[in-house]
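Here is the structure we will look at.
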Ligand SMILES: [Zn+2]
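Residue numbers (our numbering): 2 to 230.
The following block contains the structure:
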């Protein structure tokens with residue numbers, strides 16, 4: 002193939018060996034765990050499709066045969082969406098203000114991510130969201146196009162923290178979010194007016210906690226959410 006190449010980070014988030022194995026298994030092309038096949042599995046991300054090759058593996062009983070096939074970007078994207086909504090179930094989500102949420106990290110319960118409701122979607126401080134949001138459009142334009150056209154995402158970068166906030170808002174998908182945006186925006190403006198009127202104590206000083214490790218003061222903010230239901 003030509004010079005097209007995505008970063009290893011983008012590949013690990015969207016087109017990893019593990020995800021590829023799951024997709025191959027769903028298509029009935031492989032069986033059993035990936036473990037002893039990692040060395041034999043090649044995943045090449047091309048500009049519009051992913052080429053996958055699994056060399057014949059003599060030491061496996063469940064799946065000794067080889068595979069040479071293409072998997073569409075759409076399949077990988079749908080996997081990312083399903084995973085985001087599945088992982089979003091049951092993770093602790095706190096509304097700090099109308100447009101500001103904290104969501105517990107799935108891997109480290111002591112850690113929380115900051116999420117903002119914005120016009121272009123729900124932004125998240127997690128590494129995955131930040132990387133995908135900043136890199137997909139330039140590294141994988143075809144994937145970017147699919148994300149914009151996808152009826153669930155409508156341009157939203159897939160991340161399970163954002164999906165958790167969506168569930169908290171009682172919305173089914175991001176298309177609903179964008180439809181609700183004028184209402185949400187109205188609530189944000191109302192809140193800002195309220196803060197101005199009341200000379201509201203400034204608790205916005207955690208804007209710089211993108212890598213928020215210390216969230217000790219979060220619990221104090223929870224009471225504020227009562228104003229906004
Ligand atoms: Zn996230």
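Glycine included, C-beta positions come from ideal geometry on N, C-alpha and C.
All values reported here derive from a predicted model rather than from experimental measurement.
inquiry  = Less than 7 Å between C-beta atoms, sequence neighbours within five positions excluded: which residues of the same chain meet that for residue 134?
reply    = Position 133 of the chain shown holds residue 134. Contacts found: 158.
request  = Could you check the C-alpha separation between residue 72 and residue 118 for me, to the nearest Å?
outcome  = Start at 1 with the first residue of the chain shown, and residue 72 comes out as number 71. Start at 1 with the first residue of the chain shown, and residue 118 comes out as number 117. Straight-line Cα distance between these residues: approximately 33 Å.
query = Rounded to whole angstroms, how far is the Cβ of residue 193 from the Cβ of residue 176, which I believe are closer than 8 Å?
reply = In the chain shown, residue 193 corresponds to position 192, counting from 1. In the chain shown, residue 176 corresponds to position 175, counting from 1. In fact, because the Cβ distance is near 27 Å, the residues do not count as touching under 8 Å.
query = Excluding five sequence neighbours on each side, which residues of the same chain lie with their C-beta closer than 7 Å to the C-beta of residue 48?
reply = As a working note, residue 48 is residue 47 in the chain shown. 5 and 143, listed in sequence order.
For residue 16 and residue 51, believed in contact at Cβ under 8 Å, the rounded distance = As a first step, residue 51 is located in the chain shown; it is residue number 50 there, counting from the start. As a first step, residue 16 is located in the chain shown; it is residue number 15 there, counting from the start. With a Cβ gap of about 6 Å, residue 51 and residue 16 count as contacting.
ask   = Between which two residues does the beta strand (DSSP E) carrying residue 119 extend?
value = Position 118 of the chain shown, counted from the first residue, corresponds to residue 119. First-last of the beta strand (DSSP E) with residue 119: 113 to 119.
ask   = Rounded to a whole number of angstroms, what is the C-alpha to C-alpha distance between residue 8 and residue 140?
value = Counted from its first residue, the chain shown places residue 8 at position 7. Counted from its first residue, the chain shown places residue 140 at position 139. Near 8 Å, if we compare the C-alpha coordinates of residue 140 and residue 8.
query = Looking at residue 81 and residue 162, is the spacing between their C-beta atoms short of 9 Å?
reply = Numbered from 1 along the chain shown, position 161 holds the residue referred to as residue 162. Numbered from 1 along the chain shown, position 80 holds the residue referred to as residue 81. No, the Cβ-Cβ distance between residue 162 and residue 81 is not below 9 Å.
query = Taking 8 Å as the cut-off, is the CB of residue 116 close to at least one heavy atom of ligand 1?
reply = Your numbering for residue 116 matches position 115 in the chain shown. True, at least one ligand heavy atom lies under 8 Å from that Cβ.
task = Kindly provide the ranges of any alpha helix (DSSP H) runs that are 4 or more residues long and lie completely inside the segment 123 to 189, ordered along the chain.
result = 128 to 140, 142 to 150 and 161 to 169
inquiry  = Quick check: does the Cβ of residue 130 come within less than 8 Å of any heavy atom belonging to ligand 1?
reply    = As a position in the chain shown, residue 130 is number 129, starting the count at 1. Yes, ligand 1 has a heavy atom inside 8 Å of this Cβ.
task = Report yes if the C-beta of residue 126 is less than 8 Å from at least one heavy atom of ligand 1; otherwise report no.
result = Numbered from its first residue, the chain shown carries residue 126 at position 125. True, at least one ligand heavy atom lies under 8 Å from that Cβ.
request  = Take residue 45 and list the residues in its own chain whose beta-carbon comes closer than 6 Å to its own, dropping the five residues that flank it on each side.
outcome  = Counted from its first residue, the chain shown places residue 45 at position 44. For residue 45, where only same-chain residues beyond five positions count, the Cβ hits under 6 Å are 52.
message = Measuring only the C-alpha atoms, how far is residue 183 from residue 174?
response = Along the chain shown, read from residue 1 onward, the residue named residue 183 stands at position 182. Along the chain shown, read from residue 1 onward, the residue named residue 174 stands at position 173. Residue 183 and residue 174 have their C-alpha atoms roughly 16 Å apart.
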